[in-house]
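S.K.: Residue numbers (our numbering): 11 to 220. Every residue, glycine too, gets a C-beta built ideally from N, C-alpha and C. Before anything else, here's the structure in question.
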Amino acid sequence: MTKKERYRFILDFFNSKMPQAETELLYHTPFELLVAVILSAQCTDKRVNMVTPSLFKVFPNSKSLSKAEFDDVFNLIKSISYPNNKAKHLIGMAKMLEEVYGGEIPLKVLELVKLPGVGRKTANVITSVLDNQPNMAVDTHVFRVSARIGLTKGAKTPLATEKQLIKHIPKEQIHIAHHWLILHGRYICTARNPKCEDCGIKEACAFYNK
11 MTKKERYRFI LDFFNSKMPQ AETELLYHTP FELLVAVILS AQCTDKRVNM VTPSLFKVFP
71 NSKSLSKAEF DDVFNLIKSI SYPNNKAKHL IGMAKMLEEV YGGEIPLKVL ELVKLPGVGR
131 KTANVITSVL DNQPNMAVDT HVFRVSARIG LTKGAKTPLA TEKQLIKHIP KEQIHIAHHW
191 LILHGRYICT ARNPKCEDCG IKEACAFYNK
């Protein structure tokens, strides 16, 4: 199977089985999504979703969060990984949103990465989820799954993975392909003991066909 055939098979499968794939983070506004994605770094979406309702009740927008005391934010997110850094980042992010962007979330990657706590992956998530921009966020699932099934080869960094994926995925599918790969990695192509017998793309999988 050629690389082109592999991509086509896998994308066609996901498109038919998960046409509405989306983030599992719970949010109602762009601000809430941004906070949730910052909190989700090296943490499960499930854990983030347990914490954000009480956080958003106290700090529903960037204006309220920009005036927050560190301890107040820390105590609401302390069950999440790296709460110390994330509390600082959230307050700093909210202050910059208010002072520079008038409380509006910028929808350009180069603007978003200027915000405290926002790296390229987070910026790609925000722009692809909120605006369907053709940006591929590479987290641990996307990095692992892409290499294992043979969509990427020799990619040593998330950026290298991102570049290979967007080169071969049709532009209009990039924003949703991110979710396909994450969900596949989360529930089927797990890090340890991947569930190959339950997998609908094993026919095209480099790992399985070894």
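On a CA-only basis, which of Val68, Ala214, Thr200 is nearest Phe153? Give me that one, please.
M.R.: Nearest option by C-alpha distance: Thr200.
S.K.: Using a Cβ-Cβ cut-off of 7 Å (strictly less than) and excluding sequence neighbours within five positions of Trp190, which residues of its own chain qualify?
M.R.: Here the set comprises Phe24, Met28, Ala31.
S.K.: Return the first residue and the last residue of the alpha helix (DSSP H) that Gly210 is part of.
M.R.: Unbroken run through Gly210: none, as it is neither H nor E.
S.K.: Taking buried to mean at least 16 other C-beta atoms within 10 Å of its own C-beta, is Val155 buried or exposed?
M.R.: Label assigned to Val155: buried.
S.K.: Considering Cα atoms alone, identify which of Glu109, Glu108, Cys53, Lys105 is closest to Ile87.
M.R.: Residue Cys53 is the option with its Cα nearest to Ile87.
S.K.: For Thr12, which three-state DSSP category applies?
M.R.: The answer is coil: DSSP assigns Thr12 none of H, G, I, E or B.
S.K.: Could you tell me the boundaries of the alpha helix (DSSP H) in which Ala97 lies?
M.R.: From DSSP, the alpha helix (DSSP H) with Ala97 extends over 93-111.
S.K.: Starting from His188 and walking both ways along the alpha helix (DSSP H), at which residues does that stretch end?
M.R.: Per DSSP, His188 belongs to the alpha helix (DSSP H) from 184-197.
S.K.: Report the rounded CA-to-CA distance for Thr39 versus Lys73, giving the unit in angstroms.
M.R.: For Thr39 and Lys73, the distance between alpha carbons rounds to 14 Å.
S.K.: Output the distance between the C-alpha atoms of Gly129 and Ile136, rounded to the nearest integer angstrom.
M.R.: Using only the alpha carbons, I get a separation of about 11 Å.
S.K.: Determine the extent of the alpha helix (DSSP H) in which Gln143 is found, giving its start and end residues.
M.R.: Element bounds for Gln143: n/a, residue is neither H nor E.
S.K.: Excluding five sequence neighbours on each side, which residues of the same chain lie with their C-beta closer than 7 Å to the C-beta of Asn142?
M.R.: Around Asn142: His185.
S.K.: Taking Ile48 as part of the alpha helix (DSSP H), name the residues at either end of that continuous run.
M.R.: Its alpha helix (DSSP H) spans residues 40-49.
S.K.: Under the three-state reduction of DSSP, which class applies to Tyr17: helix, strand or coil?
M.R.: Helix, per DSSP.
S.K.: Alpha helix (DSSP H) containing Ser74: first to last residue?
M.R.: Its alpha helix (DSSP H) spans residues 72-76.
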